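A quick write-up on the structure given underneath.
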Amino acid sequence: MLFGTLGLTKPVLATSPDFTMAANPGNVSVSLGYWAETMLTITSLDSFEGTIQLDAPVGPSTGLVGAGFSTGMTLTPNGSVSTDLQLIPGTTPGNYDLNITATVGSLTHYLVIPVTVSPVSGPDFTTRLWGSYSTLQDWDISIQEQLVSLGGFKGQVTLSATVTPNIPNAPAFSFLPSTVDLSAGTPAGYTAIVSTTMSTPVGNYIVAVTATNGTISHVYQAIMMVGDYRPQSEQPGPGNSTSTGNRPSSNSAATNILLPFGNASSALSTLRSFWWLQTIIGFSIATLVVYRRRLSLKEQ
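Here the sequence shown stands for residues 2 to 301, numbered as in my numbering.
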């Protein structure tokens with residue numbers, strides 16, 4: 002007689018290509034009369050790919066009158082793509098939910114972002130970044146931005162930045178000045194400087210800008226897109242870009258509108274067919290982007 006053991010094989014569940022959607026931060030607080038943001042990231046699972054369609058309806062039920070986000074995004078197999086969602090509050094304080102819909106191909110996923118709209122309760126400050134910037138390898142970009150006082154705030158605000166992913170030769174982000182004197186009722190300007198080298202890896206980066214005064218600290222995010230280096234003679238010509246925003250119509254229903262931006266600069270055009278300028282709507286502060294190509298060794 003033979004004795005033995007019976008082997009049991011654990012079944013392997015087959016998975017289908019799919020995607021996930023997440024927001025950072027997952028909860029948004031915004032003061033009346035100003036703006037807030039959250040970074041949406043869509044990630045491919047099991048080689049899923051396709052064109053991304055986003056919808057963020059606004060209106061009285063959301064406490065918002067505007068939501069701006071990038072268009073023309075494509076999800077690559079096992080990759081991820083991010084967009085900075087910029088939010089403009091309505092006039093009624095309260096706690097609300099913003100429902101985000103993301104569709105890629107035949108799949109649709111939903112994300113609920115809690116939104117708190119509140120009056121300015123004390124001295125504070127805010128700044129405004131565009132949702133995304135484009136540059137090339139071995140370039141410097143100077144971006145004019147502003148700090149705005151809230152609730153009578155006055156004092157010094159210190160600026161710093163981190164770039165993700167933190168890899169060798171990633172774009173360098175600095176400020177001039179790095180400490181800004183802010184007075185009540187008067188916006189204060191500063192310059193954000195982004196530098197790349199010939200060794201900077203091509204791709205998308207997330208820049209997190211921290212503005213601090215004592216116990217008050219805020220973090221603002223933007224996407225930095227780095228394209229392949231090109232000689233000056235091969236730089237692309239001026240181009241147009243579009244961003245999508247959701248705003249309520251006169252009957253309070255949410256509608257999609259396209260807001261074209263003009264020819265900002267030759268480097269603000271398509272850097273290659275897939276390097277679209279994904280600039281978020283400039284709701285209140287216009288940002289001037291000035292490009293300066295570095296001198297080559299022969300020119301120095």
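Quick reminder that beta carbons are idealized off the backbone N, C-alpha and C, glycines included.
Since this is a predicted model, take the numbers as computed values, not measurements.
For Ala-209, the enclosing beta strand (DSSP E) begins and ends at 204 to 214. Of all alpha-carbon atoms in Leu-108, Pro-58, Leu-76, the one lying nearest the alpha-carbon of Ile-101 is that of Pro-58. When only Cα atoms are considered, Val-116 and Thr-165 end up about 26 Å apart. DSSP places Asp-182 in the uninterrupted beta strand (DSSP E) bounded by 180 to 183. Scanning its chain for C-beta atoms nearer than 6 Å, with the 5 sequence neighbours on each side dropped, one finds around Thr-211 the residues Ser-161, Val-220, in chain order. The residues Pro-18, Asp-19, Phe-20, in chain order, have a CB closer than 6 Å to that of Phe-49 in the same chain once the five nearest residues on each side in sequence are set aside. For Ala-23, same chain residues with a beta-carbon under 7 Å away, outside a window of 5 residues either side, are Thr-42 in chain order. In this structure, Leu-33 places its C-beta atom within 8 Å of the C-beta atom of Pro-94.
Cβ neighbours of Ser-218 within its own chain (closer than 8 Å, five residues either side excluded): Thr-211, Ala-212. Secondary structure of Ile-168 (DSSP, three-state): coil. The residues Asp-141, Ala-173, in chain order, have a CB closer than 6 Å to that of Ser-196 in the same chain once the five nearest residues on each side in sequence are set aside. Annotation for Thr-159: Thr-180, Thr-213 place their beta carbon closer than 6 Å to its own, counting only its chain and skipping 5 residues before and after. Between Ile-89 and Leu-55, the beta carbon gap of about 17 Å keeps them out of contact (Cβ cut-off 8 Å).
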